[in-house]
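J.:
2 protein chains.
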Amino acid sequence: SSEVLEQERNKSNVNADSLSTFLFTKEGRDRKQRVLKTLQGEKVFDKSQNYFAGRIDRFETALARAKKLAQIHSRESWTQEERVVANELISEPGPYGLHESMFLITLRDQGTPEQHEKFLRPAEQYKYIGCYAQTELGHGSNVRGLETTATWNPDDKTFTIHSPTLTSSKWWIGSLGRTANHAVVMAQLIINGKGMGPHPFVVQIRDLQTHQPLENVYVGDIGPKFGYNTMDNGYLLFNKVKVPHISMLAKFSGVDPKTNQYVKPASASLVFGTLTWVRSTIVLQSGGVLARGVTIATRYCAVRHQFQDRDAPEWHKGENQVLNYTTVQIRLLPLLATTFALHFTGKGMMALYGANQKKMSQDVGKVGGAQRGAGPEETNAGSDLLADLHATSCGLKSLASFTAVEGLEVCRRACGGHGYSSFSGIGPWYADYLPTATWEGDNYMLTQQVARYLLKSARSVLKGNEPTNDTTAILSNFLQKQDTGAAFDVLGNDSDVVAAFAWRSAFLTFAALKHRDEQKRSWNSLLVDFYRLSRAHSQYMVVKNFYETLQSASTDLDVETTGIMHKLFRLYALHTLEQEASEFYTSSAVTVRQIELARISTVMKLLEEIRPHAVKLVDSWEFPDWQLDSSLGRYDGKVYEDMFYRASELNPLNKVTVDPYPDSPTLFKQNDAGAMKAKL
Amino acid sequence: SSEVLEQERNKSNVNADSLSTFLFTKEGRDRKQRVLKTLQGEKVFDKSQNYFAGRIDRFETALARAKKLAQIHSRESWTQEERVVANELISEPGPYGLHESMFLITLRDQGTPEQHEKFLRPAEQYKYIGCYAQTELGHGSNVRGLETTATWNPDDKTFTIHSPTLTSSKWWIGSLGRTANHAVVMAQLIINGKGMGPHPFVVQIRDLQTHQPLENVYVGDIGPKFGYNTMDNGYLLFNKVKVPHISMLAKFSGVDPKTNQYVKPASASLVFGTLTWVRSTIVLQSGGVLARGVTIATRYCAVRHQFQDRDAPEWHKGENQVLNYTTVQIRLLPLLATTFALHFTGKGMMALYGANQKKMSQDVGKVGGAQRGAGPEETNAGSDLLADLHATSCGLKSLASFTAVEGLEVCRRACGGHGYSSFSGIGPWYADYLPTATWEGDNYMLTQQVARYLLKSARSVLKGNEPTNDTTAILSNFLQKQDTGAAFDVLGNDSDVVAAFAWRSAFLTFAALKHRDEQKRSWNSLLVDFYRLSRAHSQYMVVKNFYETLQSASTDLDVETTGIMHKLFRLYALHTLEQEASEFYTSSAVTVRQIELARISTVMKLLEEIRPHAVKLVDSWEFPDWQLDSSLGRYDGKVYEDMFYRASELNPLNKVTVDPYPDSPTLFKQNDAGAMKAKL
Ligand SMILES: Cc1cc2nc3c(=O)[nH]c(=O)nc-3n(C[C@H](O)[C@H](O)[C@H](O)COP(=O)(O)OP(=O)(O)OC[C@H]3O[C@@H](n4cnc5c(N)ncnc54)[C@H](O)[C@@H]3O)c2cc1C
Ligand SMILES: Cc1cc2nc3c(=O)[nH]c(=O)nc-3n(C[C@H](O)[C@H](O)[C@H](O)COP(=O)(O)OP(=O)(O)OC[C@H]3O[C@@H](n4cnc5c(N)ncnc54)[C@H](O)[C@@H]3O)c2cc1C
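Line by line, the protein sequences give chains A and B.
If you're matching positions, the first sequence starts at 2 in our numbering and goes up one per residue.
If you're matching positions, the second sequence starts at 2 in our numbering and goes up one per residue.
In structure tokens form, the structure reads like this:
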């Protein structure tokens, strides 16, 4: 089996090397190799027992790894990029996860210089180990509904942190269950009996020496999950715990200890900036997340042979690679195209984010305070400047993470029975990634914010305002041409494909506007339409980003590779168009005939043309075997050897001898499974 | 929170009790209560540590449970039905799983009376504990490609069982890894150097006393999986192991020891009958499988409150039940309708199967032998009698198991963050059910058999043959009317909805036939179309079964309940129609306007009408809390109390105290997690 992949590689003239550089830059690729070498040199990062160990052992190993990583980081003076790469290569959430991200970021972004001194410094040195405790048992998405209170005591200038109900228990908090000794706690600030909304407080929760919970603090791990079991997500309750004035993070708002008055936030846009940044990161990563599954499934389906082709000539006795069956291709190759589409879109988002941050920092002080209404659709961006970017990041986060989640399961299933083994490497990866569809804004709810922004833009265009950005431009273009109608040559012309996606998005926007503004339909009754609208608009942005990236790629890539990338663009766009057919022709962006042709002929043709390059294309993602940790996805194609090795040599259950008879009370005659446990 | 569900129940006049009886019969409901009581009386079935334990502990508990079940079974003289119910209530695969199903069934159906005496009797008494070893590392779906050989030795009248390659290792075999001492091994029969195809052999693999593998037998567990970890799926290799003549199961074929000649199979249809039966069972169960997720999510989304409705009046301060949001309804309520649709379809299938079996046993001997070609689409039913049932079972197995798999994940996600906790009960259930999409015929590949049957039927209709069954009837109806065109009142008339589904299926059949027979396109290039065709035809059958069941339901159910069931029928049918819109209007079964109306108005209206009855409707599935083992799906709605209890009281990780500092080599300062382990 092991030669198959080499043959595949020889048959294709895609230049995987230059494509890798195009995707990740030379510097990024070198960084990855360097970090990989460091990690592989440390025994604690050995992955061979990962799939076998139970939760407690896995958590213990994850803690050992987290410690080692922190040591290496400071020993080697790693940059932030190097640390990110290390996490990606290890591919497992760890007990310092929330300390190193949200805890530090919140202290930095929302703390005053004095608070930086008091909290951020010791946190950077891992003296304080923290978490970000916002969600409660009863409230997650609705942050305004949080029940934990922080009551200002004018007498002794302290806050009392309290959990008045069972549902006010903090819940799901990463790094809290066993590891953290501090928490940023989001609590309802109460001054003089008046609620001022949720604010962040830094609270010590465990003793720095004994690591036991402090008095009146109830804290623990919330138990096993679908994935993420190397992380100790925790719960936390306070029974009237007093904290000093400095505990309230005061960069944007605070309590004046002299007057006992609330000091109003200057601008919350920077906070929303963080959320936008987090979501943009999710978009950027989604391509790579999906690419892991696509790499594994593509390689395995090239190695896997099953059945003869029904129309194969008599003399052709051998079995067929399953990657040659069109029902396998239609599942994997559009996803392969999607990995690039998402990657380019993520890069586009990040660039936009950077540009906006720059512009914003020049404009600081000019923008007004954020208003938050009752519904999630009201969580506005706080500033018009950010509005477009905010909406874009919401829509794309939702689309990209769903696409990755659902695509990974398609990849797993394409591997047939072996896809179900943990050794496939897809299942465990999928299970850990899954919550991305729920956190940082539930994927269904986020779409309300996109719709809200599009409706607002459409109202502005209808009023006759000049387009100020791409969104208003496509809306006003649609308005001008809707009576003439569209005649896009989607099968022949790439820029027409992009225009057809824009047309559909604009059509749905004005349809939704009519329902809301003219027919006065309730917001709730329109949520399903808003979901579709957001999805349509986000698909337009992905298609546009893919298209524009290729426009500028020709200088970096050779002709063959560029040619295949164009085919991948067309496959992504036309396959999506065909999947969403009914919206496309309800909007008259395309004709029924065009859809039929796309489906029966163009897409099938593209599959055939891309097929020979599939292995080379996944190679360009350049995942080291160590990262994939997959029998099915090995670079050398030694699938069966590796499955067999793991099952027979590494599997602790085989150290158990059972007594199989129902009438015997003995279960295990012998159990040497413990001997397989990793030494830490 | 706990009163919410009672309020929901009081608001609806659906009669959950009579609906339960309609679904399961009085006898079935009583049986379930009886078995439940027995199981709850035995400590070994206590579920409280299920979600926490690692694989080895879970396997040990599963073994203890399997033993106890076998004891109870014989002690209480349980019927087969009672045993099935017990397994459903326990809801966990166990180490005797394949022994008690495929091993016993194969011995019974394919053994001679002499073999029954030698193998079946000791197997029934658990002296022999067996498994069904067909799949190999290199071959699963393509059974003809198996590499294990069984070579007939004319000299000493034995067979030599041998595994010539690594890929010939048996793999995935349930109950084999640690438990079985016997296996039914599918091996290529070789007589005088000539291969006769795969045949079943009974082979002892472990010593009956020591339980150690016999000489030249290499056997073990294949390692951890996405789910199914309470089962010891195993691998198995033979190094030239000799077995006596009686080992080859000889009911349908054999080797004559005197002449050393192969004795031809009389008829293989009964074997195919078993496959059809297994698939029909999968269809029947899929409704209940999905209903578990729908029950959990519906109850939780009724209990869960989050945000105010945006259009709620000022004085209405309370938060909204998330089940009131239309984006939650559009995910859950069509799935609720689907649970009933699948259940009725499964019952229909089983009835058809029973009728056919009866007819077949009368016709035995009249039908010819089975022919198996190279591709999966050729695995024909062996007899024309079975052909329709066979195709139906393939198409419906594929549709039903995909619908259940994908629906479960939709339910899990609808629960927001808490859906990700194991305590939701959905994730673990999903993970164990998932392989149903792959085994008993991979869901993608099965569709080729449906297409093949439909093409054959269409050819017969085109030749002018009279319709002999429903399939040919809808095809010939379409042929007669296709020029006139269809004008179905899908929004106003239920039987027209069924007719529209039939029309689309017939349209796609003739389109596929044209591609294959007129345009001579390759089989492989049509697989994607075949997949759609099979899906369309299967959806037609589901809609038809649902419709017909309700036609006859009016005598058993009161007017209100029947009324809601009709709405559920319409919701299932119109939501499906809208999801598959483009096929419906390409075939002219409906107009674009109808689809628009269905989507914007009819479906939304149905959601509103069904919403008040959702909790009562899931109640009618009558899952005991013990079976669901879910915090979110509790009958009494005490969601948060239960989550908190499990996390704080049952969670072994909370018995661990860590040392959190990177520079300290200590990981666990204290570890008392072992104390939580279940006593067996
Ligand atoms: C693995 C994991 C790690 C986490 N880590 C942290 C952490 O470190 N710190 C932290 O603070 N939190 C954390 N969380 C919590 C996470 O942020 C929340 O679970 C997430 O925001 C979802 O909120 P929820 O559970 O309240 O969903 P809910 O709002 O309860 O959603 C339930 C359902 O209702 C729907 N819904 C709710 N409101 C509306 C509406 N207005 N309109 C339409 N539909 C609606 C949703 O779509 C969903 O289907 C974590 C969660 C997970 C799963
Ligand atoms: C949990 C579990 C338990 C099991 N228990 C048992 C057991 O007890 N005994 C036993 O014998 N087996 C068992 N099996 C094996 C199971 O029956 C096979 O895994 C299953 O039949 C799929 O076969 P495969 O893995 O060879 O898939 P493959 O055929 O390798 O499929 C791989 C991919 O190729 C595609 N493909 C393959 N051929 C074609 C074609 N001709 N046309 C189009 N597409 C094609 C498939 O759709 C799939 O996407 C078990 C499997 C699992 C996961």
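Cβ coordinates follow ideal geometry from the N, Cα and C atoms, glycine included.
In chain B, which residues lie with their C-beta within 7 Å of the C-beta of A/Lys226?
T.: In chain order: Tyr421, Ser422 and Ser423.
J.: Comparing the CB of A/Thr328 with every heavy atom of ligand 2, is any distance shorter than 6 Å?
T.: Yes, since a heavy atom of ligand 2 falls inside the 6 Å radius drawn around the Cβ of A/Thr328.
J.: With DSSP collapsed to three states, give me the class of A/Asn154.
T.: In this structure, A/Asn154 counts as strand in the three-state DSSP scheme.
J.: Classify B/Thr448: buried if its beta carbon has 16 or more other beta carbons within 10 angstroms, exposed otherwise.
T.: Buried is the call here.
J.: Does DSSP classify A/Asp58 as helix, strand or coil?
T.: Helix at A/Asp58.
J.: With a threshold of 6 Å on Cβ separation, who are the neighbours of B/Ala17 within its own chain once the five nearest residues in sequence on each side are excluded?
T.: Closer than 6 Å at Cβ, skipping near neighbours: Lys617, Asp620 and Ser621.
J.: Round the Cβ separation of B/Val204 and B/Ala184 to the nearest angstrom and send it over; I've been treating them as touching at under 8 Å.
T.: Contact holds; Cβ gap of about 5 Å.
J.: Quick check on B/Gly369: buried or exposed, where buried means 16 or more other Cβ atoms within 10 Å of its Cβ?
T.: With a pLDDT of 40 at B/Gly369, under the threshold of 50, the modelled position of that residue is not reliable, and the figure given next carries that caveat. Under this definition B/Gly369 is an exposed residue.
J.: Kindly say whether B/Glu61, judged by its beta-carbon, lies nearer than 7 Å to any beta-carbon of chain A.
T.: So yes, B/Glu61 belongs to the interface.
J.: Would you list the residues sitting across from A/Tyr133 in a DSSP beta bridge?
T.: Note: A/Tyr133 sits in a beta bridge opposite A/Val185.
J.: Of the residues that make up the stretch 525 to 549 of chain A, which ones have a beta carbon closer than 7 Å to any beta carbon in chain B?
T.: Answer set for the stretch 525 to 549 of chain A: Asn525, Ser526, Leu528, Val529 and Tyr532.
J.: CA-CA distance, A/Ser49 and A/Leu633?
T.: Between A/Ser49 and A/Leu633, the C-alpha separation is close to 15 Å.
J.: Check whether the stretch 30 to 43 of chain B and the stretch 83 to 90 of chain B are in contact - that is, three or more C-beta pairs closer than 8 Å.
T.: Short answer: they touch.
J.: For the alpha helix (DSSP H) that A/His567 lies in, which residues bound it at each end?
T.: Unbroken alpha helix (DSSP H) run through A/His567: Val560 to Gln580.
J.: Using the rule of at least 16 other Cβ atoms within 10 Å of the residue's Cβ for burial, across every protein chain shown, is B/Ser78 buried or exposed?
T.: Looking at its Cβ environment, which holds fewer than 16 other Cβ atoms inside 10 Å, B/Ser78 is exposed.
J.: Counting contacts by CB-CB distance shorter than 7 Å, is B/His212 in contact with chain A?
T.: Yes, B/His212 lies at the interface with chain A (some Cβ there is under 7 Å from its Cβ).
J.: In whole angstroms, give me the CA-to-CA distance for A/Gln210 and A/Arg460.
T.: Cα-Cα distance, rounded: 60 Å.
J.: Please work out which residues of its chain come closer than 6 Å, Cβ to Cβ, to B/Glu519, disregarding the five sequence neighbours upstream and downstream, and give them in chain order.
T.: Within the same chain, B/Glu519 has no close Cβ partners at all.
J.: Name the chain A residues whose beta carbon is nearer than 8 Å to that of B/Thr439?
T.: The contacting residues are Arg414, Gly417, Gly418, Gly420 and Tyr421.
J.: Using 8 Å as the threshold, is the stretch 355 to 364 of chain A in touch with the stretch 422 to 439 of chain A, meaning 3 or more CB pairs across them?
T.: The stretch 355 to 364 of chain A is not in contact with the stretch 422 to 439 of chain A.
J.: Considering only the alpha carbon of each residue, which of B/Val491, B/Ala574, B/Val560 and B/Tyr127 lies closest to B/Val544?
T.: Cα-wise, what sits closest to B/Val544 is B/Ala574.
J.: Helix, strand or coil for A/Asp497, going by three-state DSSP, please let me know.
T.: Correct three-state label for A/Asp497: helix.
J.: Terminal residues of the continuous beta strand (DSSP E) containing B/Leu237?
T.: It spans Gly235 to Phe239 - the beta strand (DSSP E) in which B/Leu237 sits, taken as one unbroken run.
J.: Could you tell me which chain B residues have their CB closer than 9 Å to the CB of A/His200, listed as they occur along the chain?
T.: Within chain B, no residue comes near A/His200; the closest Cβ sits about 20 Å away, beyond 9 Å.
J.: Kindly say whether B/Val498, judged by its beta-carbon, lies nearer than 7 Å to any beta-carbon of chain A.
T.: No, B/Val498 does not count as interfacial toward chain A.
J.: Go to A/Gly29, then tell me how far its alpha helix (DSSP H) extends in each direction, as first and last residue.
T.: Ala17 to Gln41 is the extent of the alpha helix (DSSP H) around A/Gly29.
J.: Would you mind working out which of A/Gly194, A/Gln135 and A/Ser102 sits nearest A/Phe160, comparing C-alpha positions?
T.: Per the Cα distances, A/Gly194.
J.: Quick one: is the Cβ of B/Val451 within less than 6 Å of any heavy atom of ligand 2?
T.: No, since every heavy atom of ligand 2 falls outside the 6 Å radius drawn around the Cβ of B/Val451.
J.: Measure the C-alpha to C-alpha separation of A/Ala87 and B/Ser92 and round it to an integer number of angstroms.
T.: Cα to Cα, A/Ala87 sits roughly 40 Å from B/Ser92.
J.: Measuring CA to CA, which of A/Gln595, A/Tyr445, A/Thr149 and A/Phe570 is closest to A/Ala582?
T.: A/Ala582 has its Cα closest to that of A/Gln595, out of A/Gln595, A/Tyr445, A/Thr149 and A/Phe570.
J.: Under 8 Å between beta-carbons, which chain A residues line up against B/Ala447? List them in chain order, please.
T.: In the sequence as displayed, the identity of residue 447 of chain B is Leu instead of Ala. Correct list: empty, because the minimum Cβ distance to chain A is about 11 Å.
J.: Does the beta carbon of A/Ala599 come closer than 7 Å to any beta carbon on chain B?
T.: Taking Cβ atoms only, chain B never reaches closer than 7 Å to A/Ala599, which makes this a no.
J.: Alpha carbon to alpha carbon, what distance is there between B/Leu336 and A/Pro94?
T.: If I take the Cα positions, the gap works out to 33 Å.
J.: Closer than 6 Å: is that where the CB of B/Phe308 sits relative to any heavy atom of ligand 1?
T.: Yes, Cβ of B/Phe308 sits closer than 6 Å to a heavy atom of ligand 1.
J.: Based on the DSSP output, what are the partners of A/Asp222 in its beta bridges?
T.: Per DSSP, A/Gly235.
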